[in-house]
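Numbering (the numbering used here), first residue to last: 32 to 219.
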Amino acid sequence: DKNPPKKGLVIIRGEEEKKPLQVIKPDVSPKPVALHLRRSFILNERVNEDENNVIEYKDFGYPLDKDRGFILQKTICSFLNRRGGRIYIGINDSKYVKGIYLTSKERDELKLEIFELLRHFEPSISNEELLQVVFLPIQDKYKKEMIPGLFMVKIIVKQGDPSELYSISKLHFQSYLRNDGQSVQLST
Numbered sequence: 032d033k034n035p036p037k038k039g040l041v042i043i044r045g046e047e048e049k050k051p052l053q054v055i056k057p058d059v060s061p062k063p064v065a066l067h068l069r070r071s072f073i074l075n076e077r078v079n080e081d082e083n084n085v086i087e088y089k090d091f092g093y094p095l096d097k098d099r100g101f102i103l104q105k106t107i108c109s110f111l112n113r114r115g116g117r118i119y120i121g122i123n124d125s126k127y128v129k130g131i132y133l134t135s136k137e138r139d140e141l142k143l144e145i146f147e148l149l150r151h152f153e154p155s156i157s158n159e160e161l162l163q164v165v166f167l168p169i170q171d172k173y174k175k176e177m178i179p180g181l182f183m184v185k186i187i188v189k190q191g192d193p194s195e196l197y198s199i200s201k202l203h204f205q206s207y208l209r210n211d212g213q214s215v216q217l218s219t
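If you want it as structure tokens, here you go:
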């Protein structure tokens, strides 16, 4: 051929000589949106970010049992004592989006349960001062529409007062720091 193909295009010849040439553009996926900026998720998609000092994934169901509530308390405390962070309930440890099915009433109850976990923190934390709970919809990959009642629960934890060390208990000091994607208990 005297005219070489344009850069970035691949030309494939058909099996029979009578078929016209096909021009196939390379797959150029849009740049992924940073996890903290996402407004929705796709069921079973794999997120790019690993758990780290500001990201934690939890594949919890509803209602929360006592053990899962304690895990959330430790994680929230560890974020308060560092730079803050985000907990994503509905992403498993393999980084796949699973979501959590919640009715409108259950969303309200879960939000209250999460804020109730803060009641015993020392120093005291007012509900929305350092913590925000957001319910993000999850989309069906094939139908391209939101799945009714399926959400990603994003808990946004701001950095606490750097002059304070937060504890999950007012009765005895029980504090945590975020280190290498783990909530590590501080020893007294």
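The beta carbon of each residue, even a glycine, is placed where N, CA and C say it ideally should be.
- 8 Å or more divides the Cβ of V188 from the Cβ of V164.
- Pairing G121 with K129 gives a Cβ-Cβ distance under 8 Å.
- When the alpha-carbon of G180 is set against those of S155, L217, Y132 and C108, the nearest one is in Y132.
- When C-alpha distances from I178 are compared across S71, H67 and N79, the shortest belongs to S71.
- Taken through DSSP and simplified to helix, strand or coil, L148 comes out as coil.
- By the Cβ neighbour-count rule, Q216 is exposed, with fewer than 16 other Cβ atoms within 10 Å of its own.
- Within the DSSP secondary-structure output, Q190 pairs in no beta bridge.
- Here Q190 is near R113, since their CB atoms are less than 8 Å apart.
- DSSP, reduced to helix, strand and coil, places K142 within a helical segment of the structure shown.
- Annotation: K89 is outside any alpha helix (DSSP H); the continuous beta strand (DSSP E) that includes it extends over I86 to K89.
- DSSP, read as helix, strand or coil, puts S198 in strand.
- Take the alpha-carbon of R77 and the one of P168: they are about 16 Å apart.
- When rounded, the separation of the alpha-carbon atoms in R209 and E159 is 21 Å.
- In the structure shown, E153 adopts extended strand secondary structure according to DSSP, grouped into three states.
- Put simply, the backbone Cα of K105 is about 26 Å away from that of K136.
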